[in-house]
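Counting from 1 along the sequence shown, just add 1 to a position and that's the residue number in my numbering.
Positions of the beta carbon are idealized from the N, C-alpha and C atoms, including for glycine.
Note that this is a predicted model, so its numbers are computed, not measured.
The block underneath contains the structure these notes are about, expressed in structure tokens.
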Amino acid sequence: MSDIADKPRRSASRVKQAAWRGAALGAAFTLAALVPPAVANAGAADPGRPVASGSGEIAWTTADVAPGAQVRTGVLRNSSAAAVWTVTVQAPAVNRLTGVATWAPLGDRAWADSTAGRLREAGFEPRLEQVLWDEYADTPRGTMGWQVRVGRYATQDQAGTMNSAVSAAGFRTSVEWTGYDGRQAADAENIHVAVLDPARLHGTIAVSDGGNVADREKTSAVAARLGSLIGVNGGFFITSDSDGVQGTVAGLSAVHGRLESMAVGSRAALILGDGGRRPRIADLSTTVTVRAGAATYGVQGINRVPGKVRNCGRPGAAPTDQPRHDTTCTLVDDLVKFTPAFRAPLPTGPGVQTVLDKHGIVVSTGGRGGVAPEHGSVLQGTGAAGNWLMDHAHAGRRLSLREVVRDSSGRQVRLGPDDSIVSAAPTLVEDGRIHIDAATEGTLDPQDLSFGFAWSNVRQPRTLAGIDGRGRLLLVTVDGRQPGVSEGFTLGEAARFMRSLGAVQALNLDGGGSSAMAVKGSLVSVTSDATGERAVGDTIQVLPGRRSS
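Written as structure tokens, this is what we have:
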């Protein structure tokens with residue numbers, strides 16, 4: 002049971018114990034929502050997507066945190082699901098973008114048959130498991146590939162012993178828990194659902210970056226510091242110095258109406274308009290242009306290291322200008338803006354830097370480095386962008402910056418001081434239908450199964466956001482990476498779950514070790530990192546009657 006059910010409540014609050022089936026959200030949820038439709042077994046291979054068996058209903062604990070803010074904690078236990086530890090043989094692959102040799106967790110049927118034959122010759126008893134494409138909107142249908150596995154074991158150590166033997170025979174292998182397979186019925190899930198009704202909520206819902214985009218903070222720590230009712234982690238962010246400045250967002254971010262990071266191509270985003278009273282979800286793109294007289298130049302980033310584009314998706318980026326998750330692309334001719342919220346030392350290196358005052362007047366142009374002014378901004382350019390600054394950013398001259406956010410229909414999203422945006426990927430539900438554009442948003446590559454399979458098709462901890470037919474905001478976390486305790490969702494399961502709650506729009510936020518929910522400053526979800534709750538780049542906070550920072 003979560004912390005929220007253990008704490009004493011004021012008389013206005015109540016705790017209910019029931020097998021809640023989501024009627025209050027307009028849809029029933031059972032275990033079937035976690036499992037794709039069944040498909041035929043291919044010969045002696047295991048079934049691709051077995052139908053869930055058993056009752057599969059989740060027992061829920063419901064707690065009213067405040068008027069218009071409710072948290073429901075669901076516990077799923079399905080004794081009919083029989084997960085085991087196993088050894089999976091990896092298939093040789095080539096990264097489609099870089100041409101570098103790598104490995105994939107599955108291959109085509111010819112590879113699977115050949116590998117199974119070699120394993121039998123080596124004295125092992127392999128099995129083939131067919132993997133089907135899930136309900137993605139932009140991938141093929143039918144068979145994705147085949148996995149080759151050896152053994153079924155009760156413990157990880159037992160599987161590890163077999164793994165060593167298979168590896169010694171010349172195969173690339175890994176030990177895996179079959180409870181993470183999306184094609185097997187879910188057996189254990191711990192889920193938190195925050196239901197926020199803007200019509201009744203006395204407060205605001207906003208994105209918080211702590212006032213410093215170049216820093217990381219735990220979701221629960223932000224919630225405690227702000228006195229938040231409910232908080233969840235937000236979008237993707239930089240976690241390694243090799244990819245940029247840790248804590249900076251890798252995608253579109255707006256806080257208090259200020260654009261603090263640019264979009265990765267056109268990806269899903271949660272728009273919290275008017276302090277969260279008008280939430281909506283849309284695919285958003287950004288365009289930023291600097292003007293000096295009649296001359297203009299395109300800004301390609303805000304608050305990131307010039308030349309490094311995490312998740313790609315910017316014009317001119319290499320090896321791809323399309324979104325590519327957890328990939329750092331490069332840009333030779335790059336122009337980046339830094340705002341006062343970038344409170345780390347400015348990046349140094351070759352290129353040109355222009356400092357602007359709060360009116361856009363050029364204070365100086367020269368080498369890169371220093372700090373962003375408290376009232377003003379900085380432009381850093383490399384390659385042709387640096388040359389443009391040298392030619393046009395003369396001291397005393399005024400430069401104007403135009404920032405535009407648009408949705409997929411081309412409509413401009415105008416931002417005011419009470420508006421914020423958090424982005425991630427991919428879209429899960431659109432116009433009341435499951436619509437997972439995993440390939441378009443760069444979380445899966447149908448032409449390269451070495452990329453994105455575990456991220457998309459394997460159960461992981463997830464944080465999700467949705468809007469139901471009554472305009473209520475749903476913030477959801479599912480614990481994961483805990484074999485037999487809570488395993489997480491695949492993207493397909495996440496979409497089906499959100500739809501089962503009545504969501505008409507939904508998207509996937511950052512997950513994995515980042516996934517966290519806090520209620521009244523205390524962590525209620527169980528995070529997956531061995532070191533405990535992860536410090537993240539930004540969060541979504543529900544605040545009682547005041548704004549975030």
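Let me confirm a value: residue i is counted as buried when at least 16 other C-beta atoms fall within 10 Å, else exposed. Which label applies?
i: Arg142; result: exposed
i: Pro427; result: buried
i: Lys521; result: buried
i: Pro106; result: buried
i: Pro632; result: A query on residue 632 cannot be resolved here, the shown segment of the chain reaching from 2 to 550 and no further.
i: Pro280; result: buried
i: Gln18; result: Any answer about Gln18 is weak, because its pLDDT of 32 lies below 50 and its placement is not dependable; what the coordinates show is given next. Result: exposed.
i: Ser267; result: buried
i: Gly352; result: buried
i: Asp158; result: exposed
i: Val95; result: exposed
i: Lys359; result: exposed
i: Glu122; result: exposed
i: Gly538; result: buried
i: Asp420; result: buried
i: Ser241; result: exposed
i: Ala24; result: Bear in mind that the predicted position of Ala24 carries a pLDDT of just 33, short of 50, making it too unreliable to give a figure here.
i: Ala102; result: exposed
i: Ala200; result: exposed
i: Arg471; result: exposed
i: Gly235; result: buried
i: Ser243; result: exposed
i: His436; result: buried
Measuring alpha carbon to alpha carbon, tell me which of the options ends up nearest residue i.
i: Arg73; options: Val194, Tyr154, Arg119; result: Val194
i: Tyr154; options: Arg173, Gly146, Thr140, Thr179; result: Thr179
i: Gly258; options: Pro374, Ser523, Ala342; result: Ala342
i: Gln354; options: Glu126, Ala396, Leu508; result: Ala396
i: Trp134; options: Met391, Pro447, Met499; result: Pro447
i: Thr366; options: Val250, Gly417, His393, Thr532; result: His393
i: His376; options: Gly361, Gly387, Gly370, Gly417; result: Gly361
i: Pro197; options: Ala531, Thr331, Leu476, Thr144; result: In the sequence as presented, Pro is not what sits at residue 197; that position holds Leu. Ranking Ala531, Thr331, Leu476, Thr144 by Cα distance to Leu197 puts Leu476 first.
i: Ala187; options: Met518, Ala82, Arg369; result: Ala82
i: Val337; options: Glu404, Gly276, Gly277; result: Glu404
i: Gln323; options: Asp334, Val333, Arg311; result: Arg311
i: Asp432; options: Val372, Thr444, Asp242, Arg500; result: Arg500
i: Gly350; options: Pro320, Asp65, Gly308, Leu77; result: Gly308
i: Arg434; options: Gly503, Gln381, Trp61; result: Gly503
i: Asp275; options: Thr297, Ala117, Ile422, Val132; result: Ile422
i: Val505; options: Leu429, Asp511, Val149; result: Leu429
Span of the alpha helix (DSSP H) holding residue i?
i: Trp389; result: 385-393
i: Phe498; result: 492-501
Between residue i and residue j, how many whole angstroms is the CB-CB distance? I'm expecting something under 8 Å.
i: Gly481; j: Arg463; result: 7 Å
i: Ala264; j: Leu230; result: So it is not a contact: roughly 29 Å between Cβ atoms.
i: Val246; j: Val306; result: 6 Å
i: Lys219; j: Ala425; result: Contact flag wrong, Cβ pair sits at about 18 Å.
i: Gly183; j: Val459; result: 7 Å
i: Ala215; j: Arg344; result: 6 Å
i: Leu77; j: Glu261; result: Contact doesn't hold; Cβ gap of about 37 Å is too wide.
Check for me: the beta strand (DSSP E) holding residue i runs from which residue to which?
i: Pro484; result: Taken as a continuous stretch (DSSP letters only), Pro484 belongs to no beta strand (DSSP E), as it is neither H nor E.
i: Gln506; result: 504-509
i: Ile362; result: No beta strand (DSSP E) contains Ile362, which DSSP labels as neither H nor E.
i: Leu77; result: 70-78
i: Leu273; result: 268-274
i: Met263; result: Met263 -> no beta strand (DSSP E), and no H or E assigned at all.
i: Glu534; result: Here Glu534 belongs to no beta strand (DSSP E), and DSSP marks it neither H nor E.
i: Asn234; result: 231-234
i: Thr174; result: 174-178
i: Arg463; result: 463-469
i: Asp65; result: 60-67
Any beta-carbon of chain B closer than 9 Å to the one on residue i?
i: Pro324; result: The structure shown contains no chain B; it is built from a single protein chain.
Query raised in the report: Can you list the beta strand (DSSP E) stretches of 3 or more residues lying completely in the segment 194-226, in chain order?
Result: 205-209
Query raised in the report: Which ranges does the beta strand (DSSP E) cover as unbroken runs of at least 3 residues, wholly within the segment 105-166, from first to last along the chain?
Result: 127-133, 144-154
Report task. Starting from the N-terminal side, write out each stretch of the beta strand (DSSP E) that is 3 residues or longer and does not extend beyond the segment 309-355. Result -> 309-313, 324-331, 335-339
Query raised in the report: Can you list the beta strand (DSSP E) stretches of 3 or more residues lying completely in the segment 366-453, in chain order?
Result: 377-383, 401-408, 421-424, 428-431
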